[in-house]
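>
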Ligand SMILES: Nc1ncnc2c1ncn2[C@@H]1O[C@H](COP(=O)(O)OP(=O)(O)O)[C@@H](O)[C@H]1O
Ligand SMILES: [Mg+2]
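Residue numbers (my numbering): 273 to 640.
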């Protein structure tokens, strides 16, 4: 029997719906799979858990859970999302990687925190030039600009600043937060997109300038070509980063989708905020993903997802889309962020055997 667990915090609607959906599907298809809320009592180093798959919705707020999940991963639990990568990643790196793979992002700089981090003194910062080249920074970013933490979420400490005075006034209030200053994208359209298993994408028209309860635009449809264009960007981002469960926010300016916020590994999935249709999609896609991952679980091996950035780095190769990702199936591999002439050799040296096997398995699961 394969076991799937969900680890969650204050949310009330998604976890139960997810469990019910997995169990329902497993029963219908006669699969040896069951899902439940993760149960933790004592956590002993290196001790395997009964879970083959865990969906993690909360370890960003509970460091004990993050350590618990890394321990579980060491014994082969497929933790969604990869707790090692999630710990390492943040928004400024996200943007930096996008510049390498050709995904448009707003111009962005990172700044040292306004206040010294605890237990540091001015001597800890002797590598920094004082004052910073503010003029250079402001002329690169322009005003108005967004000023927001390099790691965070839920619109916490996100500011729009209109000029230099307002910037410094705000900066002086940010204490020890590490902040990014970012070009404002004055957008015509805005989308939030769920992306699951680096293969399933759901595009949600979104108006961030509306009051909270009116942000998901329930009656707006997305033309098929636009949907495809947005989906391709979302997949590219998540394959590079290696998130199994994420949302990407895209702002369209002059038809170009700029990635604004794409480090949301425990995105809002509450029926009361995303609405019925979006909720139905995420419950179904998450259940399918968890079942797939349980069926693909390999005993005694690492079952985490490592995105193309990590995979290519570990293999001392240039960044190659689909280097690791079985969901790309037999699509020819194309190098990202490198010249066309380099493409040929990369397309020829992949292990498609593993991909074909994974594809067959996936077909089976889909049929289930
Ligand atoms: N560069 C930007 N250009 C335009 N709008 C932005 C920009 N950055 C953030 N915003 C707006 O602020 C909101 C919150 O910022 P975001 O980066 O998504 O932070 P969080 O991770 O806290 O959600 C976004 O949904 C968007 O409406
Ligand atoms: Mg956001």
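C-beta: ideal position from N, C-alpha, C; glycine also.
Per DSSP, what kind of secondary structure is residue 518 in: helix, strand or coil?
If DSSP states are grouped into helix, strand and coil, residue 518 belongs with the strands.
> In the region 526 to 594, which residue ranges form an unbroken alpha helix (DSSP H) of at least 4 residues, counting only runs that do not cross its ends?
With a minimum length of 4 residues, the continuous alpha helix (DSSP H) runs that stay inside the region 526 to 594 are 543 to 546, 548 to 568, 580 to 586.
> Which residues count as close to ligand 1 when the rule is a CB under 7 Å from any of its heavy atoms, in chain order?
Any residue whose Cβ sits closer than 7 Å to a heavy atom of ligand 1 makes the list: 378, 418, 420, 424, 425, 426, 427, 428, 430, 454, 455, 456, 457, 459, 462, 480, 521, 523, 532, 533, 536.
> With a cut-off of 8 Å, do at least 3 Cβ pairs link the region 563 to 580 to the region 320 to 328?
The region 563 to 580, when compared against the region 320 to 328, does touch it at the 8 Å Cβ threshold.
> Going by DSSP, what residue range makes up the alpha helix (DSSP H) through residue 356?
That run of the alpha helix (DSSP H) goes 355 to 360.
> Using the beta-carbon count (16 or more within 10 Å), is residue 533 buried or exposed?
It is buried - the Cβ of residue 533 has at least 16 other Cβ atoms within 10 Å.
> Across which residues does DSSP place residue 472 in a beta bridge pair?
Paired residue(s): 468.
> Label residue 331 either buried or exposed according to how many other C-beta atoms from any shown protein chain fall within 10 Å of its C-beta, with 16 as the threshold for buried.
Classification of residue 331: buried, given that the 10 Å Cβ count is 16 or more.
> Whose CA, out of 464, 429, 461, 317, lies closest to the CA of residue 452?
Of the listed residues, the one whose Cα sits closest to residue 452 is 429.
> Should residue 455 and residue 423 be called a contact, given that it needs their Cβ atoms to be closer than 9 Å?
Not in contact: residue 455 and residue 423 (Cβ atoms no closer than 9 Å).
> Quick one: using the 10 Å Cβ neighbour count with 16 as the cut-off for buried, is residue 466 buried or exposed?
By the 10 Å Cβ count, residue 466 comes out buried.
> Does DSSP put residue 432 in a helix, in a strand, or in coil?
Residue state, collapsed to three classes: strand.
> Does the region 539 to 553 come close enough to the region 485 to 494 that 3 or more CB-CB pairs lie under 8 Å?
Enough Cβ pairs lie closer than 8 Å, so yes.
> Below 8 Å on the Cβ atoms is my guess for residue 522 versus residue 463; work out the distance and round it to an integer in Å.
Right, their Cβ atoms sit about 5 Å apart.
> Ignore the nearest five residues each way along the sequence and tell me which others in residue 400's own chain have a CB closer than 8 Å to its CB.
So the list reads 384, once near-sequence residues are dropped.
> If distances are taken between C-alpha atoms only, which option among 395, 300, 341, 386 comes closest to residue 449?
Checking every option, the nearest Cα to that of residue 449 belongs to 386.
> Does the region 351 to 364 come close enough to the region 493 to 510 that 3 or more CB-CB pairs lie under 8 Å?
Not touching, per the Cβ criterion.
> Could you give the DSSP three-state label for residue 374: helix, strand or coil?
Residue 374: coil per DSSP, three-state reduction.
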